[in-house]
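First the structure, in the form of structure tokens, and then the observations on it.
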Amino acid sequence: MLEFQNVSFRYPGDGTPTLDGLSFRAERGEFVSVIGPSGCGKSTIFRLASGLLTPDAGEITVNGQSIAGQKNYCGYMPQSDLLFPWRTVAENVRLPLEIRGGLSKGEMDDETDRALEAVGLSGWGKKSPKELSGGMRQRAAFARTVLTGSELLLLDEPFSALDYLTRLSMREWLLDQWQRERKTVLFITHDVEEAVFLSGRVLAAEARPVTALAPFPVPLGYPRTMDSLKEPAMLELKTRLIEKLRRREP
Ligand code: ADP
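If you read the sequence shown in my numbering, its first letter stands for residue 771, the second for the next number, and so on.
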């Protein structure tokens, strides 16, 4: 689905590159988490995959075609929910439909209502984002990302601003959505337990510059519950990943 081939990137003015000859791929329908120390380049990988930044060298393809000539191939959800405060919740969620064009107002209303219902926000469309809780705003932002219609979703620490208990329910909610839709999801998180719970595979970023992502297959199929995390193989993977990240702290 998504493939990086020998991708290098350096921010203008930075002495060292952020990515150097990085190759990896995510298969169609996979849920892949990317973990790594903060500042190592995870978000940069997403900015490149979404086309916000262009590689200095190497190639990024989606479905075997360079992303340079493609539009609307991914939905990108950055760290904060970034809902526009002057738009209602529904007006925020329908934004990708307005940008894509080609639908009547009635068709856009119907699609928006369906998306709000899918994330448990029926009846909240006319509210302003500030009237929603943090978890509800994240669900609205997720609905908006899904309405891009893209098969590839790039989610950059979508739950980082939420309190612990809301995070736990959002994990279960996201896994449920993914099992229904089977989109390809790339998910950045600081939280090793979150990565293990959600993913089929965890990719661990090396220190900057990122030259490789070490793959760790998660030894348990789906569906999963919170109790899945208590399985010995899952606990062992969690410990291995924490050790890997701790070794890289200075
Ligand atoms: P992560 O998501 O792993 O925390 P980022 O991809 O955001 O890391 O950043 C990787 C590195 O690139 C950091 O060391 C940061 O200082 C640098 N960086 C990020 N954004 C910019 C920018 N706009 N200009 C210059 N350097 C940047």
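All residues carry an ideal CB built from backbone N, CA and C; glycine is no exception.
The continuous alpha helix (DSSP H) containing M906 extends over residues 904-916. About 6 Å separates the beta carbon of L772 from that of A819, a gap short enough to meet the 8 Å contact definition. Here S850 carries a coil assignment [DSSP, helix/strand/coil]. Its chain contains Q949 as the residues whose beta carbon lies nearer than 7 Å to that of Y992, once the 5 sequence neighbours on both sides are disregarded; these appear in chain order.
G919 and Q908 have their C-alpha atoms spaced approximately 18 Å apart. Per DSSP, the unbroken beta strand (DSSP E) holding S793 starts and ends at 789-796. R1016 is positioned such that its CB atom lies no closer than 8 Å to that of C810. Counting only heavy atoms of ligand 1, the residues whose C-beta sits closer than 6 Å to one of them are, along the chain, Y781, D784, T788, G806, S808, G809, C810, G811, K812, S813, T814, R978. Non-local beta-carbon contacts of E868 in its own chain, meaning distances under 8 Å to residues more than five positions away in sequence, involve M878 in chain order. In the DSSP assignment, the residues bridged to E829 are Q775. Taking all protein chains shown into account, N862 has 16 or more neighbouring C-beta atoms within 10 Å of its C-beta and is therefore buried.
In the DSSP annotation of this structure, T814 is not part of any beta strand (DSSP E); the continuous alpha helix (DSSP H) holding it starts and ends at 812-819. Boundaries of the beta strand (DSSP E) harbouring L983: 983-987, taken from the DSSP string. According to DSSP, residue pairing for S803 in a beta bridge involves F957, V972.
Between G821 and K953, the alpha-carbon positions lie close to 19 Å from each other. Here A860 has T882, G895 as same chain residues with Cβ atoms under 6 Å from its own Cβ, once five neighbours each way along the sequence are excluded.
Nearest to L990 by C-alpha distance, out of L983, L999, A984, A982, is L999. Shown here, G845 sits in a strand according to DSSP, grouped into three states. The beta-carbon separation of A910 and L891, rounded to 6 Å, stays under the 8 Å limit for a contact. V988 sits away from R1010, with the two beta carbons spaced by 8 Å or more. Taking every protein chain shown into account, the CB of S803 has 16 or more other CB atoms within 10 angstroms, so this residue is buried.
Separation of the CB atoms of G845 and T936 is rounded to 22 Å, and the pair is thereby denied contact status at 8 Å. CA-CA distance, E963 to D790, rounds to 28 Å. DSSP lists T831 as the beta-bridge partner residues of S836.
One alpha carbon belongs to L873, the other to P928, and they sit about 29 Å apart. The alpha carbon of P807 has as its nearest neighbour, out of T786, M996, E1006, L983, the alpha carbon of L983.
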